[in-house]
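S.K.:
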Amino acid sequence: MDPNYGTCQKDGKYTFYPFKGMPNEQQLKDMCASKACQALLKRIAAANLPDCDIEYDGKTYNVKNTVNEYVQRCLPHA
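Remember, the working numbering sits 90 above the position in the sequence shown when you count from 1.
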């Protein structure tokens, strides 16, 4: 597991697993400001995750689109 995983969860006040929905606006801001989350996001983006959908609580999320959205927001110069 990436060493930034736990620190990112603490910094963003968000739990990745078990998945319970997307982070709220404040959690996302906190995650974008976190060096640990930025490092973790870079690693996730480099993994080239599949273009697939997951469904949770009646909502569908596209994994690749979500990662790309976070990269654009949190790593604008990546």
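We treat Cβ as the ideally placed atom computed from N, Cα and C, and that holds for glycine.
1. What number of angstroms, rounded off, separates the C-alpha of Ile144 from the C-alpha of Met121?
2. Going by Cα to Cα distance, which pick from Thr150, Val157, Asn158 and Tyr146 is closest to Phe109?
3. Keeping to the same chain, check which residues put their C-beta closer than 7 Å to that of Gly111; ignore five residues upstream and five downstream.
4. Could you check where the beta strand (DSSP E) with Asn152 kicks off and where it finishes?
5. Taking only the alpha-carbon atoms, compute the straight-line gap between Lys100 and Gln128 and give it to the nearest angstrom.
6. Taking the beta carbon of Cys98 as the centre, do at least 16 other beta carbons fall within 10 Å, making it buried, or is it exposed?
M.R.: Checking against the coordinates, here is how it stands:
1. Taking the sequence shown and counting its residues from 1, the one referred to as residue 144 is at position 54. Taking the sequence shown and counting its residues from 1, the one referred to as residue 121 is at position 31. Computed Cα separation, rounded: 22 Å.
2. For the purposes of this step, residue 109 is taken as residue 19 along the sequence shown, with counting starting at 1. Across the set Thr150, Val157, Asn158 and Tyr146, the C-alpha of Tyr146 shows the shortest separation from the C-alpha of Phe109.
3. Within the sequence shown, the letter at position 21 stands for residue 111. Once the five neighbours on either side are set aside, the close Cβ partners of Gly111 are Tyr146 and Asp147.
4. Walking along the sequence shown from the start, residue 152 turns up at place 62. It spans Lys149 to Asn152 - the beta strand (DSSP E) in which Asn152 sits, taken as one unbroken run.
5. The residue labelled residue 100 in the question sits at position 10 within the sequence shown. The residue labelled residue 128 in the question sits at position 38 within the sequence shown. A direct Cα-Cα distance of roughly 13 Å separates Lys100 from Gln128.
6. For the purposes of this step, residue 98 is identified with residue 8 of the sequence shown, where counting begins at 1. Buried: at least 16 other Cβ atoms inside 10 Å.
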